[in-house]
Every structure is written in C-alpha cells, then in structure tokens.
Amino acid sequence: MIKPDLTVNFAGIAMKNPVTVASGTFGYGSEYAAYLDLNRLGAIVVKGISMDPVMGNPLPRTHETRSGMMNAIGLQNPGYAEFVSDYMPFLRTLDVPLIVNVWGRTIEQYEAVVRAFDVLDGVAGLELNVSCPNIKQGGNLFGTNLDLFREVVDAARKQTQLPLIVKLSPNVADITAFAKAAESCGADGLSLINTLPALAIDVETGRPILGNGTGGLSGPAIHPVAVKLVWEAAKSVSIPVMGMGGIDEVNDALEFLIVGASAVAVGTATFRDPRTVLRIIDGIEAYMQRHEYASLSEVIGTVDMNR
C-alpha cells in the first residue's frame with residue numbers, strides 16, 4: 023500500500039502533516055513533552071503572548087459542560103521577554119514549525135509584539151489573536167468590528183515578514199466579510215473558530231460559576247458551528263484556512279478538510295487525552311489509504327453540498 027503524502031504548505035509554513043494544536047490548549051509545548059512525541063505534529067501553536075506579562079482573569083477559570091468546556095483564562099501569559107528566556111530554548115530543539123499566537127489590548131501593543139517576534143530566531147509564523155472573548159479590551163473587540171479589524175491586521179502586516187495567520191471570531195454576522203478583509207490586508211492564512219460566548223450559573227448562589235462571569239465555550243458542542251463557518255470562509259478567500267472547533271475524532275478533522283480547510287487544530291480534547299492529536303494524524307493517514315488518496319489535495323475542498 024502506498025504511503026499517502028500528508029505534507030502541506032500552510033501560509034508559507036511547511037508542515038509534515040496538516041494537524042496542529044489550538045492556541046491556549048497546549049501551553050508552550052514543554053508541558054506535553056512527556057506525553058507524546060512533539061516532533062510528529064504538523065506545527066505547534068503556543069498560548070497567546072502579549073508584550074507584557076498578564077495575570078489573567080479571577081478564579082475559577084474553567085467549567086466542564088455536558089458536551090464541552092467553558093473557560094475564561096483571560097490570556098494569562100508571561101510576556102514576550104519571559105517567553106523568550108524560559109520557553110524558546112526548548113522550542114528551538116524541536117523539528118516542528120513554531121507558530122506564536124500574539125495579542126494586545128491596543129493596536130500599538132499588537133504592533134509591538136508582532137515586531138518583536140519578527141526578528142526572533144525559531145519562529146515560523148504568527149497567529150494574530152483578534153477573537154478572544156474573555157478580555158475586557160482588545161481581543162474580540164477587534165475581531166467583531168470590521169473597521170478595527172482591518173486596522174489591526176493592516177498594522178500587524180506592516181511589522182513582520184513572517185507568515186501572518188489571522189484567527190477569526192465566530193461572533194459576527196458574516197464571517198466572509200472578515201475573511202476577505204484579512205486577505206485584503208495581507209494575511210497569509212486564516213484560522214477559525216475561537217470559542218463562543220457562554221454563561222453558566224450556580225443555581226445555589228444564583229451567581230456565575232466562572233470568576234469572569236461569562237466565558238468561551240469550546241469542545242464537541244461547537245463543532246458543527248465551526249464546520250459551517252470554516253466552509254463559508256474557505257470558499258470566500260484564496261488564502262489557506264485552518265479549521266478548529268470540537269475536534270475529538272478523526273472524522274471531525276476530516277470534515278474541516280473536506281469543506282476547504284488546509285490544516286486543522288486540536289484544542290479542548292487535548293485536556294482529556296494529550297495524545298488526541300496523534301490519533302487524528304494517524305486517522306487521516308488511514309482514511310487516505312482507505313480511499314487511495316495519494317495527497318491531501320485530493321481531500322481538501324472536495325465537499326459536494328448537493329443532496
């Protein structure tokens with residue numbers, strides 16, 4: 023049996039397979055090194071980094087739901103300098119592309135962190151986080167206002183020669199408007215979706231369970247929503263799209279590829295089973311062998327919406 027070619031060039035980043043991890047669900051890589059061979063991943067996307075350290079939201083920050091998980095971490099991170107000193111030495115030892123998720127509360131903060139990473143050795147690309155729903159400033163504010171969205175993507179684009187992937191918010195009326203805007207501002211790729219705003223109440227106290235009040239819902243509950251939005255975004259632009267949202271089994275990942283995603287990211291499932299990402303890689307290869315597909319191009323974007 024011929025071994026299928028799983029390689030993909032995503033937004034200028036050469037990946038040995040189309041499977042990576044969703045930012046915010048895999049720490050900075052080293053936390054999972056004891057559980058799986060990180061070099062088998064298509065890429066590693068680290069937790070969001072801002073220029074300065076951020077403490078994040080008050081506890082509790084996570085809540086398990088019947089079919090997913092809510093979180094309101096608030097993009098806690100050590101800041102650029104500590105990330106470089108504490109995490110980059112390990113990440114540079116890996117034979118896997120590193121994509122850094124970056125964010126700010128103002129356009130100037132986005133520019134500063136993008137500019138800093140642009141000259142840092144060992145970074146393959148940047149994912150611009152304009153879609154986190156769990157911070158009071160920045161994040162989703164930029165991701166849901168088309169004018170601000172254009173402004174921040176354009177500003178970031180001017181600060182780096184690295185591949186720039188823009189992570190879209192699902193909380194908009196028309197995802198294609200934001201996809202097209204990112205492309206027109208020079209983005210090399212898109213990733214979607216981020217979490218959906220959610221609220222859980224402690225019925226004994228009548229108060230929100232999460233310390234932040236509201237949070238972002240992820241996991242299997244949001245998967246069909248994500249597939250629809252990835253399908254809409256992928257057919258509206260020429261740049262590649264990375265699909266994420268509720269990938270738990272290989273068929274979840276295949277759905278994203280079939281509707282037009284060129285790569286996929288595993289998120290919440292990692293918390294339950296850190297090796298989920300490897301199961302997805304192996305499952306895609308087995309699927310391609312079963313269907314006698316030689317390359318991923320024979321899978322990507324093959325959806326037939328006629329019934």
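Quick note: the sequence shown uses my numbering, first residue 23, plus one each step. Note that beta-carbon positions come from the ideal geometry of N, C-alpha and C, so glycine has one too.
Leu142 carries a coil assignment under DSSP once its states are collapsed to helix, strand and coil. Here the stretch 312-325 does not lie against the stretch 107-120, with fewer than 3 beta-carbon pairs under 8 angstroms apart. Bridge partners of Met23 according to DSSP: none are assigned.
Membership of Asn123 in the beta strand (DSSP E) is indicated by the continuous run Leu120 to Val124. Beyond the five residues adjoining it in sequence on each side, Val174 comes within less than 8 angstroms, by CB distance, of Ile129, Tyr132, Leu150, Val152 and Phe164 in the same chain, given in chain order.
With fewer than 16 other Cβ atoms from the protein chains shown falling within 10 Å of its own Cβ, Leu221 counts as exposed. Rounded to whole angstroms, Ser319 and Val194 show a C-alpha spacing of 30 angstroms. Using a C-beta cut-off of 8 angstroms, the stretch 269-278 makes contact with the stretch 297-306, since at least three inter-stretch Cβ pairs fall below that distance.
Taken through DSSP and simplified to helix, strand or coil, Ser317 comes out as strand. For Phe32, the uninterrupted beta strand (DSSP E) segment begins and ends at Val30 to Phe32. For Ser107, the uninterrupted alpha helix (DSSP H) run begins and ends at Tyr102 to Asp108, by DSSP.
DSSP places Glu277 in the uninterrupted alpha helix (DSSP H) bounded by Val272 to Ile280. In the DSSP assignment, Lys202 falls within the unbroken alpha helix (DSSP H) covering Ile197 to Ser206. Judged by their CB atoms, Ile197 and Leu251 are nearer to each other than the 7 angstroms cut-off. Per the coordinates, the alpha-carbon of Arg137 lies some 10 angstroms from the alpha-carbon of Leu184.
Taking one beta carbon from each stretch, the stretch 282-291 and the stretch 259-266 have 3 or more pairs nearer than 8 angstroms; the two touch. Residue state for Thr182 is assigned as coil, using DSSP reduced to three classes. A check of alpha carbon separations from Ile261 across Ala94, Ala201 and Leu28 identifies Ala201 as the nearest. By the 16-neighbour rule on beta-carbons within 10 angstroms, Ser45 is buried. Met310 sits buried, since 16 or more C-beta atoms from the chains shown fall within 10 Å of its C-beta. Between Val68 and Val122, the beta carbon gap of about 6 angstroms places them in contact (Cβ cut-off 8 angstroms). Gly90: member of the beta strand (DSSP E) spanning Gly90 to Asn93, first to last residue. Here Met264 carries a strand assignment [DSSP, helix/strand/coil]. When DSSP reads this structure, Asn79 sits in no beta bridge, so it has no partner.
Excluding sequence positions up to five before and after Val145, its CB lies within less than 6 angstroms of the CB of Leu120, Val122 and Phe139, all in the same chain and listed in chain order. The DSSP-derived three-state label of Gly51 is coil.
In this structure, DSSP gives Glu133 a helical state, which the three-state scheme calls helix. For Ser89 against Pro192, the beta-carbon gap comes to about 17 angstroms, at or over 8 angstroms, which does not count as contact. The continuous beta strand (DSSP E) containing Ala220 extends over residues Leu218 to Ala220. Under the DSSP assignment, Gly305 falls in the alpha helix (DSSP H) whose first and last residues are Thr298 to Arg312.
Leaving aside the five residues that flank Glu307 on each side, the residues in its chain whose CB is nearer than 7 angstroms to its CB run, in chain order, Pro26 and Leu28.
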